[in-house]
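Quick note on our numbering: the sequence shown kicks off at 3 and runs consecutively. In what follows, a structure is listed as structure tokens, so that the remarks can point back to it.
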Amino acid sequence: MADSADSRNPAYLRIAHELRNRVLSGVYPVGSYLPSQSSLADDDFKVARMTVRAAVEVLELEGLVRAIQGRGTLVLEREDVEPPPIDPTSNEAILARLNDLQAQVVRLSEQVARLERQQAQEP
3 MADSADSRNP AYLRIAHELR NRVLSGVYPV GSYLPSQSSL ADDDFKVARM TVRAAVEVLE
63 LEGLVRAIQG RGTLVLERED VEPPPIDPTS NEAILARLND LQAQVVRLSE QVARLERQQA
123 QEP
């Protein structure tokens, strides 16, 4: 995936770097779809799907890909894109990741509250 010099960076940034390289080198050509996030997580990178999702969000912010509901992640045409350095990350990427995590916390909190109510109702 990435060389050992990148190992100090978060996994989602290393994955974004690798996916960016694959897009720019034509492994995933313009107009094609990336493999599913589940496939990338399980088969390519051996990480949780949300880690791959965070990596794809970075590429979306860079304009390399666009997630299309129900279809997948489309590789966009960008002739002027050069691989940005993996570190430091952009404020936009960090903010997008924080927003995603906040939404996950809200959903999980709601699930916990629902389970606690169900448990309290059981004899």
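Beta carbons are placed, not taken as given, at the ideal position from N, Cα and C, and that holds for glycine.
Reduced DSSP secondary structure (H/G/I, E/B, other) of residue i
i          : result
residue 29 : coil
residue 68 : strand
Residue i and residue j closer than 8 Å at C-beta
i          : j          : result
residue 77 : residue 66 : yes
residue 99 : residue 43 : no
Closest Cα partner of residue i within the set the options
i          : options        : result
residue 71 : 119, 38, 26    : 38
residue 60 : 115, 119, 14   : 14
residue 41 : 79, 26, 53, 31 : 53
residue 34 : 19, 48, 16, 69 : 69
Host beta strand (DSSP E) of residue i (start-end)
i          : result
residue 77 : 74 to 77
First and last residue of the uninterrupted alpha helix (DSSP H) at residue i
i          : result
residue 54 : 51 to 63
Alpha-carbon spacing of residue i relative to residue j, whole angstroms
i           : j           : result
residue 103 : residue 21  : 22 Å
residue 12  : residue 73  : 28 Å
residue 50  : residue 123 : 34 Å
residue 79  : residue 36  : 14 Å
residue 24  : residue 97  : 25 Å
residue 105 : residue 26  : 31 Å
residue 16  : residue 109 : 27 Å
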